[in-house]
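Visitor: Residue numbers (this note's numbering): 1 to 534.
A virtual CB, placed ideally from N, CA and C, is assigned to each residue, including glycine.
Since we're looking at a predicted model, the values are computed, not measured.
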């Protein structure tokens, strides 16, 4: 790509050029990955080190009880990993009718599915890692033992969630040790996490599913009348999958197949493939209108059909057929915003990271507790904060995503990977609930249609569709674009959820031979993040 290296948007960051790169949403985690690369590890080792460190230093978005997904270029082949966990075996519609008036709650033990991230780290390491598991987890263990200083965005998101989560089992003891969220720069140590990480390191993750940690999780669940059992944990295995893809402007975007929402980005790009977007500037009302409408059409299909792939009634391939996407594109009116049938957009909190090494290995990795801290449940003596992915299930018995034991829920987190002519081009992601496919699509259009370089695509103003005609705009969107969208019928909203924002991206673009030309990387200023390399 012959990028325009000027950045038309206000930014405090410049792109990072190096032959070994890690980009994450928290500087300590990026440097943990870089430390592992400097010790002779590969990009998978670095990604696991960064992910484990993020579970300590950015607990407002993820933790040891998270799920994760990854797409990896090993130098010759693309691999996909789905490390999202299933529902406890006892879950079904009647279980939630009896206990929660039919709905899967947003918080507490009855929102917790089997956590997948520790097993995901172990699966990545076993298949593609180079250093020992203990060496890879050493940086995270160090931060768990010695603690760390709270960064500005972590403080902001911690404060936004404190009051809501304070009543949940174990939350206040672990995350409000002084009766409040920690201040910026204040030292924080997550109780019990170091011992748990050491057991995970010594057992290649099995302790979490079969050993002391597993027994502590289940004992706490049973003490709160929850369904999780030792069998639910010990039976869990992540799944290696073949990514699904969509061609766009001579490139191919790859995503993990459902139960995730990555297919939304593929559908939106497949729709936009039918338009000459570059005929107008990127920051033009009509261009942004077309992007919004394509995204709305994509979500209409995703919310209707996407679930655990084993339970879907419409195959992903059918949703991506070129003739079908061209038909959907014809529904877009360039002069008028429309409402397409859809459900309410899920919201969430996530960390995304990417790593690449001089030998050409590239990793796109995402990890999440879902709604910020997740369920709010923290298991005493372990430092394990648990996700609330069960809340993504439907309670409608007729929906493909209806809750059932052993079934994975609809998932929001999506790592992205871009290729061209069978060769790797970019590992990237944009975190943040339903903002993820929206952010990926907006960034790719800027890069592939308008040649904006990765940091500019990161810094550019974004919008976020919510539901119906409602669209949130960042304050940096120009008044002319905002007015043009209003004239087309879009209802521009303020952000009413204090935790949510317009996502945060990390990008690594391959420049040529990794050992000679290296990569260019970008990190989003909407988080505390860092792109670092050597």
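Using a 10 Å radius around the Cβ and a threshold of 16 neighbouring Cβ atoms, would you call residue 213 buried or exposed?
Guide: So residue 213 counts as buried.
Visitor: Determine which residues share a DSSP beta bridge with residue 68 and list them.
Guide: BP columns for residue 68 point to 83, 367.
Visitor: Suppose contacts are defined by Cβ-Cβ distances below 7 Å. Is residue 338 in contact with residue 117 by that definition?
Guide: Their beta carbons are not under 7 Å apart, which means residue 338 does not touch residue 117 by this criterion.
Visitor: Where residue 197 and residue 396 are concerned, what is the direct C-alpha to C-alpha distance, given to the nearest angstrom?
Guide: When rounded, the distance between both Cα atoms is 39 Å.
Visitor: Using only the alpha-carbon positions, how far apart do residue 223 and residue 4 sit?
Guide: Taking the straight line joining both Cα atoms gives about 59 Å.
Visitor: At which residues does the alpha helix (DSSP H) containing residue 199 begin and terminate?
Guide: Per DSSP, residue 199 belongs to the alpha helix (DSSP H) from 193-202.
Visitor: With DSSP as the reference, identify every bridge partner of residue 252, one or two as the case may be.
Guide: Residue 252 is bridged to 247, 419.
Visitor: Within its chain, find whatever has a CB closer than 7 Å to the CB of residue 301; leave out the 5 residues flanking it on each side and keep chain order.
Guide: If we look at residue 301 and ignore the five residues flanking it on each side, its Cβ neighbours are 267, 319.
Visitor: Could you tell me which uninterrupted alpha helix (DSSP H) segments, each at least 4 residues in length, are contained entirely in the stretch 10-36, listed from first to last along the chain?
Guide: Whole alpha helix (DSSP H) segments, 4+ residues: zero.
Visitor: Do residue 148 and residue 415 have their beta-carbon atoms positioned less than 7 Å apart in this structure?
Guide: For residue 415 and residue 148, no; Cβs fall outside 7 Å.
Visitor: Could you please give the first and the last residue of the uninterrupted alpha helix (DSSP H) stretch that includes residue 292?
Guide: Note, residue 292: alpha helix (DSSP H), 285-305.
Visitor: Given this structure, state the Cα-to-Cα distance separating residue 135 from residue 45, to the nearest angstrom.
Guide: Taking the straight line joining both Cα atoms gives about 9 Å.
Visitor: Are the Cβ atoms of residue 25 and residue 527 separated by less than 7 Å?
Guide: Yes, these two residues count as a Cβ contact at 7 Å.
Visitor: Excluding the 5 residues preceding and the 5 following residue 133 in the sequence, name in chain order all residues of the same chain whose CB lies nearer than 6 Å to its CB.
Guide: The answer, listed in chain order, is 125, 201, 204.
Visitor: Could you have a look at residue 447 and say whether DSSP puts it in helix, strand or coil?
Guide: Of the three classes helix, strand and coil, the one that applies to residue 447 here is helix, per DSSP.
Visitor: Whole angstroms are fine: how far does the CA of residue 398 sit from the CA of residue 225?
Guide: Taking the straight line joining both Cα atoms gives about 28 Å.
Visitor: Return yes when the Cβ of residue 171 is within less than 7 Å of the Cβ of residue 376, no when it is not.
Guide: Yes; because the gap between Cβ atoms is below 7 Å, this pair is in contact.
Visitor: Tell me where the beta strand (DSSP E) around residue 58 begins and ends.
Guide: Unbroken run through residue 58: none, as it is neither H nor E.
Visitor: What does DSSP give as the partner residue(s) for residue 362 in the beta ladder?
Guide: Per DSSP, 73, 356.
Visitor: Could you have a look at residue 6 and say whether DSSP puts it in helix, strand or coil?
Guide: The answer is coil: DSSP assigns residue 6 none of H, G, I, E or B.
Visitor: Apart from the five residues just before and just after residue 14, which ones in its own chain have a Cβ nearer than 7 Å to its Cβ?
Guide: Within the same chain, residue 14 has close Cβ partners 455.
Visitor: For the structure I just gave you, are there three or more beta carbon pairs, one from the stretch 97-111 and one from the stretch 373-390, closer than 8 Å?
Guide: Yes: at least three Cβ pairs fall under 8 Å.
Visitor: May I ask you to report which of helix, strand or coil DSSP gives residue 510?
Guide: Three-state result, residue 510: strand.
Visitor: Compare the Cα-Cα distances from residue 313 to each of 401, 441, 278 and report the closest residue.
Guide: Considering only alpha carbons, the answer is 401.
Visitor: So, helix, strand or coil for residue 461, using DSSP?
Guide: Correct three-state label for residue 461: coil.
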